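Residue numbers (the numbering used here), protein chains in the order written: chain A, 1 to 325; chain B, 1001 to 1472. Notes for the one structure printed next.
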Amino acid sequence: MIGSLIPAFDFERVIVEPWAGAASLYGWILLMGFLVTAACGLVGNYLILRRMALMGDAVSHSVLPGLVIAFLLTQSRGTLAMFAGALAAGAATTLLVEAIHRRSRVKQDSAIGITFTTLFAIGVVLISVYAQQVDLDAECVLYGEIAFVPLEPFATIGGVEVAPPSVLRMGGVLLAVVALVIVFYKELLVSSFDPGLAASLGINPTVMHYSLMAMLSIVIVSAFEAVGAILVVAMLILPGATAFLLTHRLWKAMVLSVAHAAVSALLGIHLAVWLDCSVAAAMVVMGSVLFGLAWVFAPEGGLIARALHARGIGRDKVGSEEEAA
Amino acid sequence: MRLLCAFASTIIFAGSPAHAAQVGDMVSGDALSQAIRFFTFADPSVRYALAGSLLLGVCCGVLGGFIVVRRMALVGDALSHAVLPGVALGFLWNMSKDPVAIFIGATLAGLLGTAGVAAIRKTTRLKEDTALGLVLASFFAVGICLLTIIQKLPTGRKSGIDKFLFGQAAAMSAQDVLLMGIVTAVVLALVTFFYKEFLLASFDEGFARVSGLPVRWLNHLLMLLLAFAVVVALQAVGVVLVSAMLITPAAAAYLLTDRMHRLLFIAAAFGLLAGGVGAFLSFLRSSLPTGPLMVLAASGVFASAYFFGPRHGLVPRWWRHRSRSARIERENTLKAIYRVLEDRRFSGESVSISEIGKLRRESDVETVARVRELERNGLATSGGGTVQFTPSGGQRAREIVRNHRLWELYLTNSASIATDHVHDDAEKIEHVLGEDVVLELAKRLNYADRDPHGREIPGLVPETQERGRSAR
């Protein structure tokens, strides 16, 4: 029964046709997938380093009410309103989590869990109540629809149709993230690895924390329509986690995350065409497969390398690695 | 975008509105008549929905108690997202919403997810939060892939499998409720049976291990029970928000008690409440999904506990802080009056407002307010710009001054602190020293009657009787 659901792998249909028949359609989807995953992945690197991966999870859920309220207030889907809503929601999440775990005996993990589920529930209820006025629905929220990006009316610059507006916006966000990462590379690096040293160098940890959360909110809200609230978490964590299995240097990890984004977007499209399923989810599945490959085959610390070492080939090397870790 | 999303949802969820088995839309009535229908329980689907919601509340509440005290709240979140592919595969098993197949599939997927987290943590340098996020998102993505495939099948459209995302208590059947009942009974029985073991393993794993408890197996068992709870809650709350039913009622209970067994009972009661209220609210309007409403009900309970919990609540804490500061202020005023009296060797009983103000370096207006405060509490009487102690006020003033000077003497004699450094410390402790401590202090200091600055340490009894006592 399950076997019959998976169509035969037809090389012509799965690999060639998308690019021979509808290159522009799939091109935009690929580009959007890459932009989303790359922007999320770059921010995600810092989340992983700072052990804030689950704050990413929390914010990605809680931007929903921000988005819905911004929409209900302005009755438009302008970029500015969206960003404002997301920033407010991100700030609300951070503040609520702090308020709960600083001022009561509830621990941080529970505080995160309570905050984001509450905000997300508010968002879903608002969507259900104002279904006629909000152009979001619960399913879009869950897994977005990147497949409809090329169908948007193209934005025009100087009378020339350039690109779908969401691609332009995501491109702008990615550029901004790259610029911020390059300009504040040292500050982010130091404050992520050694908050004490950062504070003594005059880098305010609170400012860093809130700027990172702001960046996170912006990236998440621009990725929201394409991939939905929960798959964003995957885009935040997968590229960075894969990269950290392969390298110890932050800048190399950044480059690898971007590469991971490109490869998983491309493979994801083909998987989605093959199985006829949600494109965003397929991209995440391929990203997970890449993570699995890195986990097994990483030259240092991969499962195979570990197994070889455990057998006695270079036992001392494992020892020194354990120390380094 | 609105059109596109609508388009997307009609493609993907074509047919789902038509069969949406919501209790609410069977009769199109206003909220009041819906409420009456709900409370008469005439409709079997109302009974199923309510029974299911209550069962899930109890089950999640009890297990949530353990994950909250073990700081595993986000493990619950990861687990709940990880069951989605299992739900989809359970559905595909015989192309129906067979509760048993879905139950088995979801439990296996959940356990696979937790095993994945453990494996990633053990064999890579990635930390727990990253491992949880990875498993959560990857499993969820696989689940979404399967779900979108199912939605395109002719049978899939009518399956109602999309209800597993946000939950619809009203879509539950008698079979579902029966299964939920059995699972909840198993969970409760195991928790009761292994209560002591779970308790020990949760609070002091090292001790549990040296006591010979199979801690690893207990942890595996807890994971299994957690997976059960998630699956029980799935239908009514949905995959996305199950973790809230685990965390929120238990966290609210954690604010109210320090005893684990009480915490579990309170958490179960809160879960029950949230489940019932959520089911009721979603029944009032046909378009409302059950899950988010249950979560909001639970959050409401948590917020009440956070603000009004008798011991740890913000409002009672603020109130206690306020009344304590007010008492300290009153006692400082009493002390000032005593000092004025002392400076003139207790001749006369009345002290003028301006004398107190001078001692405390405050304006007369401020001093009058402080004296009013004393009067309100029956510690002093005033009139014509002067103040007198009432008997209880005089007693309290002597106690405070006595506490202060005894403490100064104690610090000087026993802790060898210079006499000019002891005042500030005594200024704080004078308000909190209890009767027993003061007696013990006096005894240790051999009932001394002079503080390090040479002032007299007053006794607890009025001046006239004190002479005889100090000769003792």
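Every residue gets a Cβ at the ideal spot worked out from N, C-alpha and C, and that includes glycine. Keep in mind it's a predicted model, so treat the numbers as computed, not measured.
At least one CB atom of chain A sits nearer than 8 Å to the CB of aspartate 1129 of chain B. For glutamine 1395 of chain B, the uninterrupted alpha helix (DSSP H) run begins and ends at 1391 to 1414, by DSSP. Within the region 217 to 246 of chain A, the residues whose Cβ lies closer than 9 Å to some Cβ of chain B are Glu225, Gly228, Ala229, Ile230, Leu231, Val232, Val233, Ala234, Met235, Leu236, Ile237, Leu238, Gly240, Ala241, Phe244 and Leu245, listed in chain order. For alanine 1169 of chain B, no alpha helix (DSSP H) run applies, since DSSP gives it neither H nor E. By the C-beta criterion, the region 1173 to 1190 of chain B is judged not to be in contact with the region 250 to 267 of chain A, since fewer than 3 inter-stretch pairs fall below 8 Å. Judged by DSSP in its simplified three-state form, arginine 1216 of chain B adopts helix. Glutamine 1395 of chain B and glutamate 1349 of chain B do not touch by the CB rule: their CB atoms are close to 14 Å apart, not below 8 Å. For glycine 1383 of chain B, the secondary structure class from DSSP, reduced to helix, strand or coil, is strand. Closer than 8 Å to the CB of phenylalanine 1091 of chain B there is not a single CB belonging to chain A. Minimum Cα-Cα distance from proline 1458 of chain B among the listed residues B:Leu1032, B:Leu1074 and B:Tyr1338 corresponds to B:Tyr1338. The beta carbon of phenylalanine 1207 of chain B sits closer than 8 Å to the beta carbons of Leu1200 from its chain, once the five residues preceding and following it are set aside; these are given in chain order.
Looking at the DSSP output, serine 1352 of chain B shares a beta bridge with B:Thr1386. Contact between the region 251 to 259 of chain A and the region 32 to 42 of chain A is present, with at least three C-beta pairs closer than 8 Å. In the DSSP assignment, glutamate 1456 of chain B forms a beta bridge with B:Arg1450. Beta-bridge annotation (DSSP): alanine 155 of chain A is paired with A:Ala163. Taking isoleucine 146 of chain A as reference, the option from A:Ala111, A:Glu225 and A:Phe193 with the minimal CA-CA separation is A:Glu225.
Apart from sequence neighbours up to five positions away, the residues of its chain that approach glycine 1313 of chain B with a beta-carbon distance below 6 Å are Phe1307, ordered along the chain. C-alpha of leucine 1272 of chain B to C-alpha of leucine 1055 of chain B: approximately 7 Å in a straight line. Of the residues A:Ala20, A:Leu72, A:Val36 and A:Met286, the one whose Cα lies closest to the Cα of valine 129 of chain A is A:Leu72. Distance from the CA of tyrosine 1410 of chain B to the CA of arginine 1320 of chain B, rounded to the nearest whole angstrom, comes to 29 Å. With a cutoff of 8 Å on beta-carbon distance, valine 1187 of chain B and leucine 1079 of chain B are scored as not near each other.
Within chain A, the residues whose beta carbon sits less than 8 Å from that of leucine 1288 of chain B are Val125, Ser128 and Val129, listed in sequence order. Take the alpha-carbon of isoleucine 127 of chain A and the one of arginine 1372 of chain B: they are about 56 Å apart. At a C-beta separation below 7 Å, proline 1292 of chain B has these neighbours in chain A: Ala121, Val124 and Val125. Contact of arginine 51 of chain A with chain B is assigned, a C-beta pair being separated by under 8 Å.
Straight-line spacing of the CA atoms in tryptophan 251 of chain A and leucine 245 of chain A works out to 14 Å.
By the CB criterion at 8 Å, valine 279 of chain A and alanine 234 of chain A fall outside the cutoff. Its chain contains Gly1052, Leu1055 and Val1232 as the residues whose beta carbon lies nearer than 6 Å to that of methionine 1180 of chain B, once the 5 sequence neighbours on both sides are disregarded; these appear in chain order. Here serine 217 of chain A is not near alanine 121 of chain A, since their CB atoms are 8 Å or more apart. In the structure shown, asparagine 1332 of chain B adopts helical secondary structure according to DSSP, grouped into three states.
No Cβ-Cβ contact shorter than 8 Å links valine 177 of chain A with phenylalanine 83 of chain A. Nearest to isoleucine 230 of chain A by alpha-carbon distance, out of B:Asp1425, B:Ala1082 and B:Val1438, is B:Ala1082. For isoleucine 112 of chain A, the closest Cβ of chain B is nearer than 8 Å. Contact check for alanine 1141 of chain B against alanine 281 of chain A passes: the beta carbons are separated by less than 8 Å. In this structure, the alpha-carbon of arginine 50 of chain A lies about 44 Å from that of alanine 20 of chain A. Taken in chain order, the complete alpha helix (DSSP H) segments of 4 residues or longer contained in the region 97 to 150 of chain A are 108 to 129 and 138 to 143.
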